[in-house]
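Trainee: Using this note's numbering, the first residue of the sequence shown is number 1316, and each one after it goes up by one.
Built from N, CA and C at the ideal position, the CB exists for glycine as well.
I have a structure here, written as structure tokens, and I will follow up with some questions on it.
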Amino acid sequence: MPHKISNNPADYIGPLYMNGLHGRMLRIPGPPRKKREILLIYGHHSSLERLFGLAQDISRYGTVTMPDLPGFGGMESFYKLGEKPSLDNLADYLAAFVKLNYKRRRVSIMGMSMGFLVATRMLQRYPELAKKVDILISVVGFVHRDDFKFRQHNYLLMRYGSSFFSNFLPAWFAKTFVLRAPLIRLAYRSVADRHSKMRDADKIELKRRIDFEVVLWKCNDIRTYMDTTVSMLTADLCKERVDIPVYHIAVPGDRYFDNKIVEQHLNVIYSKVEVIVSKVSAHAPTIIATAEDIEPFVPPKIRRMLARA
1316 MPHKISNNPA DYIGPLYMNG LHGRMLRIPG PPRKKREILL IYGHHSSLER
1366 LFGLAQDISR YGTVTMPDLP GFGGMESFYK LGEKPSLDNL ADYLAAFVKL
1416 NYKRRRVSIM GMSMGFLVAT RMLQRYPELA KKVDILISVV GFVHRDDFKF
1466 RQHNYLLMRY GSSFFSNFLP AWFAKTFVLR APLIRLAYRS VADRHSKMRD
1516 ADKIELKRRI DFEVVLWKCN DIRTYMDTTV SMLTADLCKE RVDIPVYHIA
1566 VPGDRYFDNK IVEQHLNVIY SKVEVIVSKV SAHAPTIIAT AEDIEPFVPP
1616 KIRRMLARA
């Protein structure tokens, strides 16, 4: 019998209370005979709804769980606790989630972009958790600042601009006066013909994507967004090993990362690295990709591994 699930993400989203912070968690049950547990960790500019298509797609191989990260997807931020959203704090949060939800079970981890960075740091700080991981998958992930292929002036602008807006007053100003729906829509419309997420869309689809971008900018805490941007642009996880293999999904047209350098850095950290190139050329699927849209993004070899009992 085919594995049928709803196309409405709200049917699978429930509340999440972790470490004193309220958020949400998506959990899609797998087919009855599939015992695999898959932990999906979204990336930087994201939410449960944005990666719902991917969660739908891989749920054919097992039960998929995707939690909010503090400050993302509408979840309360670390700032509420008087803490910063550092990479170590995000890794500690994820470790607590894994310990709570997979006490006596093994888990397959799939980390998307920054989500893989957080997963790697978790495994470095909690090596005992690596024994629980049966498959580790990087989806256009990275582990070092040199993985980015920005021009120097763009890198410096993002690095120090993000640092400035990670402070309370500039972040408050951006949230109050800049990140307003009409301004966000205007900004995306002005670059739609050359923006990788927008340029292939017709008029109706373009409106849907821009409307969703408005939601993302509103639900993600801007101060957390900026602080984690700094963390990504200064990251260096190559000082500690993780004694498990990793399967890295790379895309040939990735506009953010140099795939060769990413592979080199992964080899420094992990015991074995296998790079599997996706058929899709963009860094990530479209902003509101369905399960059908996402299917070409996940290579057949990854699907065969997940399909094993």
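Evaluate contact between the region 1467-1484 and the region 1541-1550, counting only Cβ atoms and requiring at least three cross-stretch pairs below 8 angstroms.
Mentor: Verdict: yes, contact present.
Trainee: Note down, in chain order, each residue of its chain lying with its Cβ closer than 7 angstroms to the Cβ of residue 1486, except the 5 sequence neighbours on either side.
Mentor: The residues are 1480, 1537, 1538 and 1541.
Trainee: Could you tell me which of 1375, 1336 and 1350 sits nearest to residue 1321, measuring between CA atoms?
Mentor: That would be 1375, whose Cα lies nearest to the Cα of residue 1321.
Trainee: Would DSSP call residue 1545 helix, strand or coil?
Mentor: Residue 1545: helix per DSSP, three-state reduction.
Trainee: What's the C-alpha gap between residue 1353 and residue 1489?
Mentor: Residue 1353 and residue 1489: Cα-Cα distance of roughly 36 angstroms.
Trainee: When DSSP labels each residue in this structure, what does residue 1527 get in the three-state scheme?
Mentor: Residue 1527 falls in the helix class under three-state DSSP.
Trainee: Can you grab the Cα-Cα spacing for the pair residue 1557 / residue 1323, in whole Å?
Mentor: Each residue's alpha carbon lies about 37 angstroms from the other.
Trainee: State the DSSP-derived secondary structure class of residue 1587, mapped to helix, strand or coil.
Mentor: Strand, per DSSP.
Trainee: Quick check on the burial criterion: 16 or more other C-beta atoms within 10 angstroms. Buried or exposed for residue 1379?
Mentor: Residue 1379 should be labelled buried.
Trainee: In angstroms with no decimal places, state the Cα-to-Cα distance between residue 1555 and residue 1586.
Mentor: In a straight line, the C-alpha of residue 1555 is about 11 angstroms away from that of residue 1586.
Trainee: Excluding the 5 residues flanking residue 1606 on each side, which residues of the same chain have their C-beta closer than 7 angstroms to its C-beta?
Mentor: Once the five neighbours on either side are set aside, the close Cβ partners of residue 1606 are 1368, 1371 and 1372.
Trainee: Out of curiosity, what's the CA-to-CA distance linking residue 1303 and residue 1418?
Mentor: Past the boundaries of the shown model lies residue 1303; the chain is included only from 1316 to 1624, so the question cannot be answered.
Trainee: Between residue 1514 and the rest of its own chain, which residues show a CB-CB distance below 8 angstroms, the 5 nearest in sequence each way excluded?
Mentor: Taken in chain order, the residues that qualify are 1507 and 1508.
Trainee: In whole angstroms, what is the alpha-carbon distance linking residue 1561 and residue 1476?
Mentor: Cα-Cα distance, rounded: 33 angstroms.
Trainee: If you drop the 5 nearest sequence neighbours on each side, which residues of the same chain put their C-beta closer than 6 angstroms to that of residue 1636?
Mentor: As displayed, the chain neither begins before 1316 nor continues past 1624, which places residue 1636 out of reach and without an answer.
Trainee: When the Cα of residue 1617 is compared with those of 1572, 1563 and 1573, which residue comes out closest?
Mentor: Comparing Cα-Cα distances from residue 1617 to each of 1572, 1563 and 1573, the minimum goes to 1563.
Trainee: Looking only at its own chain, which residues have a Cβ that is under 7 angstroms from the Cβ of residue 1573, when we skip the five neighbours before and after it?
Mentor: Same-chain partners within the cutoff: 1462 and 1464.
Trainee: Can you say whether residue 1615 is buried or exposed, counting buried as having 16 or more other CB atoms within 10 angstroms of its CB?
Mentor: The residue in question, residue 1615, is exposed, as its Cβ has fewer than 16 Cβ neighbours within 10 Å.
Trainee: How long is the line joining the alpha carbons of residue 1593 and residue 1566, rounded to whole angstroms?
Mentor: The alpha-carbon atoms of residue 1593 and residue 1566 are separated by roughly 5 angstroms.
Trainee: For residue 1428, which of 1451, 1436 and 1457 has the nearest alpha-carbon?
Mentor: Cα-wise, what sits closest to residue 1428 is 1457.
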